Amino acid sequence: MSSYPIYTPSLNPSPAVKTVLAWVAGCQAWDVDAIAVTMSDQSYTHEVLPATMNLPKSTSKATWLGGFKQFIHPMFTKWDIIIHDIVEAPGGSVFGHMTSDGTTTASVPTPSGSTNIGAPFHNEYMLQFTVREEADGVHRIVHIKEFMDTLSQAKFCKAVGWPAGFGPSLD
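The sequence shown: position 32 = 32 (my numbering), numbered continuously.
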């Protein structure tokens, strides 16, 4: 847990903020369908920064959801997300400061095939969401820039046995 404050949404958040809050709630609940309805079918990209994270950019909703379902979701027995702040900017940009804590399962998929039962996970994020109203009048996320804590991710990669070049490195 962090010492950051916990975000409390306004009583009447904008459609863009509501969309972001729904995406986070879907991630928190491991509800792929709830996540999917917040994302654009027409145009969706997701990139993880900084580049030292060595993670590819997802260029479609299907690609990102596929990775979430096949890799992220099965990796954890527990994953708690806390929103600390949300700031909305003109042009459909919503910025979120969040932390997450989790525990891995016994079946952590690693490139070497090894696992580390119960490896702790912690991350601090800054996410920039771009939300657009689509032709059907529904606001959906079209782009996410996810800035991750490279030190905590490097420690996690080492703990679960991922080899150098996959994720950030402590070297």
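Using N, Cα and C, we set each Cβ at its ideal position, and we do this for glycine too.
These figures come from a predicted structure and were not determined experimentally.
Rounded to the nearest angstrom, what separates residue i and residue j at their Cα positions?
{"i": "Lys-155", "j": "Gly-137", "result": "43 Å"}
{"i": "Ser-100", "j": "Glu-134", "result": "30 Å"}
{"i": "Ile-6", "j": "Asn-12", "result": "18 Å"}
{"i": "Val-17", "j": "Ala-34", "result": "15 Å"}
{"i": "Ser-153", "j": "Thr-52", "result": "First, the residue type needs correcting, since residue 153 is Gln and not Ser in the sequence shown. C-alpha separation (whole angstroms): 11 Å."}
{"i": "Pro-9", "j": "His-46", "result": "24 Å"}
{"i": "Asn-123", "j": "Leu-151", "result": "9 Å"}
{"i": "Asp-105", "j": "Leu-55", "result": "What sits at residue 105 in the sequence shown is Thr, not Asp. The alpha-carbon atoms of Thr-105 and Leu-55 are separated by roughly 22 Å."}
{"i": "Ala-22", "j": "Gly-161", "result": "33 Å"}
Relative to the C-alpha of residue i, which residue among the options is closest?
{"i": "Leu-127", "options": "Pro-74, Val-24, Ser-14", "result": "Val-24"}
{"i": "Asp-149", "options": "Thr-45, Gly-161, Pro-50", "result": "Pro-50"}
{"i": "Ser-3", "options": "Asn-54, Ile-83, Thr-130, Val-131", "result": "Ile-83"}
{"i": "Thr-19", "options": "Ile-144, Ala-119, His-122, Thr-104", "result": "Ile-144"}
{"i": "Phe-121", "options": "Ser-10, Phe-95, Met-75", "result": "Met-75"}
{"i": "Lys-69", "options": "Ile-81, Ala-159, Ser-43, Ala-29", "result": "Ala-29"}
{"i": "Ser-14", "options": "Cys-27, Met-53, Gly-26, Arg-132", "result": "Arg-132"}
{"i": "Ala-159", "options": "Gly-118, Lys-57, Ser-43, Thr-8", "result": "Gly-118"}
Taking the CB atoms as reference points, tell me whether residue i and residue j lie closer together than 8 Å.
{"i": "Asp-85", "j": "His-97", "result": "yes"}
{"i": "Val-94", "j": "Phe-129", "result": "yes"}
{"i": "Tyr-44", "j": "Lys-57", "result": "no"}
{"i": "Ile-81", "j": "Cys-27", "result": "yes"}
If residue i sits next to residue j, beta carbons under 8 Å apart, how far is it from one beta carbon to the other, in whole angstroms?
{"i": "Thr-59", "j": "Lys-78", "result": "The pair is not a contact, with the Cβ atoms about 30 Å apart (cut-off 8 Å)."}
{"i": "Val-32", "j": "Glu-146", "result": "Not confirmed; about 18 Å, so no contact."}
Closer than 8 Å is the cut-off here; do at least three beta carbon pairs connect the segment 128-146 with the segment 26-46? yes
| query | Can you find at least 3 beta carbon pairs, one from the segment 61-70 and one from the segment 88-103, that sit closer than 8 Å? | reply | no
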